[in-house]
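Asks: Quick one: this structure, given as structure tokens, is what I'll be asking you about.
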Amino acid sequence: MSLADINFTQLRDGAVDVDPDIRFMALQDFQKYVTSAPFQETQIASKNVATFIPKLYDLIKDPIPDVQSHAVKSVAPLVTFLPIDMVVEVASHLYAMITADRHHQPGPGFTTTVPTMALRGLIQAGAGGKLDAKSARVLADTLLALAEPDAPRSLDAMEVLTDTIRSYGYVLKPSEASRLVQSLIEIAIAGDGGDDTAKLVGRRAVVAVGYLCHYLTDFDAAGASILRQHHRPVQYALLSTLVSSQSATRHLADSSIDVVWAFAKTDLDPVDIDDTDYDQVNDHTHTVERSLELLTQVLGSPACVDLTSVEQEVVGICERFLRYKPFGDDDDDYSDDDDIEFSDDDDIGDDGDEDGSWKVRTKACELLAAAATRFGALGSSVPVPPITDDNEHVSHVAIKTVEALITNGNVNIIPDVVHLTSTRLLEKPGQLGVTLKLVEVVNDADLTHDTVEVFAKSKHPTNSLDVLAFFRFAVDEAKVDRDSMLIILDDLIANLDDKSFNIIGESISVLTSLFDRADGGSIADATRVSKIAANLQEKIANANKKYSSDLIQLAIRCLAVLVSRVSADEWTQPAVDSIVSQLAGETNVVTTLESLFYICDKLSEAQARHVIHQLTGLIISNHETVCTAALRLLYHLLIHGHTHDIDTQAVVQNVLRLVAASHARTVDEELKVLTLLNQYPPEVSAMVIKLINNSSDEKPVADSGYDLVRSMAIADGDFGQFYQQLSERVDKSKFAAARALATVAVAGKLSEPVRAAEAAPTSSVFNLNFLGCAADFGVAVSTKINDLLDSTPQTKDEISAVSYCVGSITKANPQQLPVLVDFYVTSPSSKHRWLAVMALKGPVEVVDPATGKQVFETIVERVASISELGNNVTEELKSSGEVLSEICLRNPEMLTQLLAKFHQRHGDLSLSSVYVMIAIAKQLVTKLDDDAKLAQFLQLVCHYMDVVVNLKVREAAVGTLLTALHNRTAVVISLLTDTVLPVLFNQMVPEESFKKVIQMGPHKYIHDEGVVIRTLTYEFLYSLVSLTSEVKSEVLEEVVKNMVLSGLTDTDVVTNKVACENLIHFIDCHQSEFARVVIGVPSTFSTFMDNLSALLQKNVAKNAHPQDVESFENRIEAIVKLVKKVDQTYNFKEAYPSDVVQAWQRFLSSVKMSKGARYL
């Protein structure tokens, strides 16, 4: 609603109308305006709104409840609509109304007034950063000044004070927070001894202390103040609030923790009380309960608080109170009166429950669980929690405690727990779920077996999710014998007819797991299996009438497993028919296809034909998952020989449509299907030609494509004619064309194409590739490789074709290898050496170790002689590394010698040798199984990356480490701290020698070539951070620090953007680590904000290139995303000291002001 849509004169008149409906509608219009008016109108409209506010005060006191309630709701939006001075005026007036109302209301104030509700709404509406820090401070000062003096006497004032602290406590200085905490402590203590209103005020004061603790820095002073008081119940409440508010950066000192511990422990000391005085015992019980609760909270203190000295003391305390019953289990004084009968009204139950002692036992269990979580294994004397306690709540908590104990290494309690659990299964039917969970936690084979026996002998119902979860555990963990499995099986069969779909679905899921076990086929007899199969078939038959699609999909999977594992003639084919019937639907198609793939060998010929008929349409489905699953099943059926009496033409046409729609995807299974169908209309030939002519290094023709060409040639019958026709239609510049034609020539034993290529091998790229393929296929090629090497190829395609042809011929005729090696050694051109070394890749796979060693030494020596590492030699060096790694993998002795060579000569190796060593390491990452040797190579990579200041060496080194991180994670992780990260952190700092000054007219442009290295480094760190469970906390700390210190200060715009993206990813993966390392360290957090502010203050040059402008805008977007991520992830107002909160609010406001459009 805009300013033009509202008439304030009519609005004010409506607010004083005698008709309450008119007043209500006036409030509706007003509220709608202040909540939806455009931002640019708020300043213009504030004066008009101000004229309505006096009417709003009157409406807050309206006698009609609906009008009054709507008036209260209309106050809250004013906090963000009006200027702060007007908001303060409204708040002050509302507080004056509160004071006036209280003066006119006699008696105790157990409730808050209507103006209080309005003021609280106003306060809460400004929370959450909706007010800037300065405005929030002004409003907070006003409210504190008004409410704090009245808080000890007025519940309304205390509520206002509490809401102010909760919403704006972050603006308080640490000294102000400490003073306010002292004041609230005094109010809480005073309330404990006052009237009912004072007690209510005191309790709210404790709540306010809890909110204020989020902004408190001096916990020790607050703790000391609480401990100086003399009202133990309130002291416990306050200490509990204080202790539970601790964080890693704000907590009590060890000495203060010791004092709190001693305070709580004092009430656990034995006291001399009259055990016949119920009130006295009950008071002592409540005191013990509070004490144990406080001790439990102390054990939950941050890890930096040292509590190791109390470990065994805690165990002793728990042992005393785990079975605490001050009045005993039986009342011997009345043992002779067992024949006396009482009415239901007089039956007060077990004394152990009535005296509240069950609460003490519960707190003792919680204390023991906290100790296990804090300290791990607690020694051999750890007590067993009371899992068979008479009180169900105690036994429930005791089971959770057992789980905590066992999970944290206290396995010595298992024998006692096993015995008690067996008893509990029979005595506590009402807590079957938690008891079964306990059986899973203990994970004892005998106990699991006994538990299953209980279900067979007792009347425990098994149609519950808790029981089914236990059955799944028993089935998956194989903890029971066949007899027990049959008990489970019978219960599952009974559950198939349950009224609950959830029970039916879970039972079917457990049945699937049971029959999918290795011994699943031998568990059940024919009668049980037939019964299950019939039931599942009935459910599938009623798929659209009675059951949900999720349940039907479970039934289909289970029936498929049953057919696969326990096939029987009398029900197998009907079961398969039942599954096949679901191909006609839509919701269960993918599940049906996957299930049929699982059992396709069970299909009859007729069923297979029907399925193939259905698949003919499904393979061109609009849903990729359906299409993929259907094609996979079709291929599998054809492989199994189901090719008779099917509509081959329709299948072929639809497969062709699928290939045509594949776009960039490499087709494979489609070609296999076409090969199996053995029917090749002209459209298939056209498709094959298109695949060949559109092929490239990035999208090669799959091996199945050449198999299809061979099948087509065989089906044609005339290989010569087929070869000629194919030769005329393909693009012979493509490698795929040469291989396809060679495939036909070899299959048809055509000698003429080979002889023609041999006659002029270097006349075309096609002839070279053709001869190479022919040699690979076993054809004896008479061409001499020295003729090929002397052809002086120039283009990349020519070099690649010659090297492939030479390599294939040499691999088939190793006696020509010396010619190739000699050419490599004597060639002065790097281009020709690259050709030769690429050609060596094939022959080294078949030569003997001695020859391989000679080739190895030749390449190493030749590489060492290369003086410069220019662009013209890098391809040669990469290929040299590939050949050397292949030789080393075939001769481990060479690998050891290579490592020794690089270690011994690391000071005088040429740049080319270093580059080749890195290339070798990259190949070994995916091929070498020896982790120790690979680690040595990676250490060498890091060493040379650090000491060699060369762009290509460092780029190759970081790329190798990144490949290793993805493929050999464990090896890289073991080297992180001492080797990998220190070197990578150095790469995050721009290297001055990589910066080139380029003169562009009157301007100088600095081009930083090292950006590519830093980008790769951040890619490595991004991948490292993704390994959430494998990276130590110390490593993560160093990673995030370097991102903040280096990435956000980098002079390159793209690097800044990448650093921001990495920090966002870091928060996603390690939220608590970022809080601890960055936000929790004031200097680091300040640097983080300062660096971001500095980046936001930079402006792009007016004459900047459009690409530079785009990069600049992308950086701003990344920064804003990072700021929003931090603000939305971390609850600054409740979890951090006030100085941190204020600094963040100031920074956030500056971001919003400078880049507001992007932020919003």
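The sequence shown lines up with residues 1 to 1160 when you count with UniProt numbering.
Note that the Cβ used here is the ideal one computed from N, Cα and C, for glycine as well.
The model shown is predicted, which means the values in this text are computed figures rather than measured ones.
1. Please classify residue 7: does DSSP put it in a helix, a strand, or coil?
2. Under 9 Å, do residue 294 and residue 378 count as touching if we go by C-beta distance?
3. Answer yes or no: do residue 1115 and residue 1054 have a C-beta to C-beta separation smaller than 9 Å?
4. What did DSSP end up calling residue 1008 once you bin it into helix, strand or coil?
5. Contact between the region 1031 to 1039 and the region 988 to 996 is defined here as three or more beta-carbon pairs at a separation below 8 Å; is this criterion met?
6. Straight-line CA distance for residue 1078 to residue 471?
7. Within 8 Å, do at least three Cβ pairs link the region 203 to 210 to the region 156 to 176?
8. From residue 279 to residue 326, what does the alpha carbon distance come to, in whole angstroms?
9. If you follow the alpha helix (DSSP H) that residue 1154 is part of, which residue opens it and which one closes it?
10. Once the 5 residues before and after residue 109 are set aside, which same chain residues still bring their CB inside 6 Å of it?
11. Find out if the Cβ-Cβ distance for the pair residue 881, residue 840 is shorter than 9 Å.
12. Kindly provide the ranges of any beta strand (DSSP E) runs that are 3 or more residues long and lie completely inside the region 428 to 516, ordered along the chain.
13. Name the residue from 1101, 1103, 1096 whose alpha carbon lies nearest to the alpha carbon of residue 1119.
14. Excluding the five sequence neighbours on either side, which residues of its own chain have a C-beta within less than 7 Å of the C-beta of residue 1153, listed in chain order?
15. What residue does the alpha helix (DSSP H) around residue 1043 start on, and which one ends it?
16. Apply the 10 Å Cβ neighbour rule to residue 403 and answer buried if 16 or more other Cβ atoms are within range, or exposed otherwise.
17. Pick out the complete alpha helix (DSSP H) segments inside the region 881 to 909, 4 residues or longer, and give them in chain order.
18. Shorter than 9 Å from the beta carbon of residue 718 to some beta carbon of chain D?
19. Which ranges would you report for the alpha helix (DSSP H) in the region 1035 to 1117 if only whole runs of at least 4 residues count?
20. From the DSSP secondary-structure annotation, give me the bridge partner or partners of residue 271.
21. Measuring CA to CA, which of 948, 947, 803, 974 is closest to residue 931?
22. Apart from the five residues on each side of it in sequence, which residues of its chain come closer than 6 Å, Cβ to Cβ, to residue 631?
23. Buried or exposed: residue 11, going by 16 or more other Cβ atoms within 10 Å of its Cβ?
24. Following the continuous alpha helix (DSSP H) through residue 1165, name the residue where it begins and the one where it ends.
25. Restricting to runs no shorter than 4 residues, where is the alpha helix (DSSP H) found entirely within the region 80 to 146?
26. Sorted by chain position, which residues of the same chain lie with C-beta nearer than 6 Å to residue 616's C-beta, five sequence neighbours on each side aside?
27. Take residue 874 and list the residues in its own chain whose beta-carbon comes closer than 8 Å to its own, dropping the five residues that flank it on each side.
28. Would DSSP call residue 305 helix, strand or coil?
29. With burial defined as no fewer than 16 other Cβ atoms inside 10 Å of the residue's Cβ, what is the status of residue 1006: buried or exposed?
30. Can you tell me which of 762, 272, 776 puts its alpha carbon nearest to the alpha carbon of residue 788?
31. Taking only the alpha-carbon atoms, compute the straight-line gap between residue 977 and residue 141 and give it to the nearest angstrom.
32. Does DSSP put residue 16 in a helix, in a strand, or in coil?
33. On a CA-only basis, which of 1151, 532, 464 is nearest residue 506? Give me that one, please.
34. Alpha carbon to alpha carbon, how far is residue 826 from residue 781?
35. Any idea what DSSP makes of residue 209, helix, strand or coil?
36. Between the C-alpha atoms of residue 911 and residue 1103, what's the straight-line distance to the nearest angstrom?
Replies: With the given structure in hand:
1. coil
2. no
3. yes
4. Strand, per DSSP.
5. no
6. Roughly 47 Å between the two C-alpha positions.
7. Enough Cβ pairs lie closer than 8 Å, so yes.
8. 12 Å
9. 1138 to 1154
10. With a pLDDT of 49 at residue 109, under the threshold of 50, the modelled position of that residue is not reliable, and the figure given next carries that caveat. Excluding residues within five positions, the ones whose Cβ falls inside 6 Å are 155, 197.
11. Cβ atoms of residue 881 and residue 840: not closer than 9 Å.
12. Complete beta strand (DSSP E) runs here, min 3: none at all.
13. 1096
14. Nothing listed; no residue qualifies.
15. 1033 to 1045 is the extent of the alpha helix (DSSP H) around residue 1043.
16. buried
17. Here the runs fully enclosed are 892 to 904.
18. The chain inventory of the structure shown lacks chain D, comprising one protein chain alone.
19. 1053 to 1069, 1071 to 1074, 1082 to 1097
20. The partner list for residue 271 (beta bridge, DSSP) is empty, contrary to what the question assumes.
21. 974
22. 619, 669
23. buried
24. This structure cannot speak to residue 1165, because the chain is shown only from 1 to 1160.
25. 84 to 103, 114 to 125
26. 650, 651, 654
27. For residue 874, where only same-chain residues beyond five positions count, the Cβ hits under 8 Å are 915, 952.
28. DSSP, read as helix, strand or coil, puts residue 305 in coil.
29. exposed
30. 762
31. 50 Å
32. coil
33. 464
34. Residue 826 and residue 781 have their alpha carbons spaced roughly 25 Å apart.
35. helix
36. 40 Å
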